[in-house]
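Q: Take 0 as the starting number for the sequence shown in numbering that gives the first Met the number 0 and just add one per residue.
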Amino acid sequence: MIRKYQPQDLEHIMKIWLETNLAAHGFIPAEYWNEQYEAVKEALPQANILIYEEEGTVLGFLGLQDSYIAGLFVEKASRSRGIGRLLLEAAKSGRQELTLHAYAENTGAVRFYEREGFQTVAFEKEETTGREGVLMRWTREEEKNSL
0 MIRKYQPQDL
10 EHIMKIWLET
20 NLAAHGFIPA
30 EYWNEQYEAV
40 KEALPQANIL
50 IYEEEGTVLG
60 FLGLQDSYIA
70 GLFVEKASRS
80 RGIGRLLLEA
90 AKSGRQELTL
100 HAYAENTGAV
110 RFYEREGFQT
120 VAFEKEETTG
130 REGVLMRWTR
140 EEEKNSL
């Protein structure tokens, strides 16, 4: 089930955030994610967060800032079950466009977003990590035209 964020979700989604970033971004030192932890914990409640839960357990979440997807995270044991797709579908609902950044080296994420109708718009070097990022965009109109 997808629902809106509640303050009691924060500790659990931060655990998912950290574990997912460490696993998916082995090309970035773990210290980077640990250093970002408190700032992300403070910023997350300001975003529009969609939570995926089953039987009262949070398994994933998606953070939105207007039409920008700040992150999509699914706990390791629950990946490849369609949870990310469901969260994306909920984010697309009522929107004409979504954008996001992914690390170019995170090829699994880039392929996932491409399968979900996102297109690469630009490649940009991320300032904080020095890694190449991919700016991706989904538009409702492009999705209609591809069907």
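Beta carbons: idealized from backbone N, C-alpha and C, even for Gly.
May I ask you to report which of helix, strand or coil DSSP gives Ile27?
A: Per DSSP, reduced to three states, the secondary structure at Ile27 is coil, with no helix or strand assignment.
Q: In whole angstroms, give me the CA-to-CA distance for Glu126 and Leu21.
A: 19 Å
Q: Rounded C-beta distance between Arg2 and Ile50? I'm assuming under 8 Å.
A: 5 Å
Q: Excluding the 5 residues flanking Gly107 on each side, which residues of the same chain have their C-beta closer than 8 Å to its C-beta?
A: A distance below 8 Å between beta-carbons, with the five flanking residues on each side excluded, links Gly107 to the following residues of its chain, in chain order: Ala23.
Q: If you draw a straight line from the C-alpha of Glu88 to the C-alpha of Pro44, how long is it?
A: 21 Å
Q: Any idea if Ala46 is buried or exposed, counting beta-carbon neighbours within 10 angstroms, 16 or more meaning buried?
A: buried
Q: Can you give me the Cβ contacts of Lys124 inside the same chain, cut-off strictly under 8 Å, excluding the 5 residues immediately before and after it?
A: Arg130, Glu131 and Gly132
Q: Mind checking who Thr138 pairs with in its DSSP beta bridge?
A: As computed with DSSP, Thr138 is found in a beta bridge with Glu96.
Q: Can you tell me which residues form a DSSP beta bridge with Leu17?
A: The partner list for Leu17 (beta bridge, DSSP) is empty, contrary to what the question assumes.
Q: Do the stretch 82–97 and the stretch 25–39 meet, that is, are 3 or more Cβ pairs less than 8 Å apart?
A: no
Q: CB Ala121 to CB Val109, shorter than 8 Å?
A: Not closer than 8 Å, so no.
Q: Pull up the DSSP beta-bridge partners for Lys124, would you.
A: Glu131
Q: Could you tell me the alpha carbon to alpha carbon distance between Thr138 and Phe111, rounded to whole angstroms?
A: 16 Å
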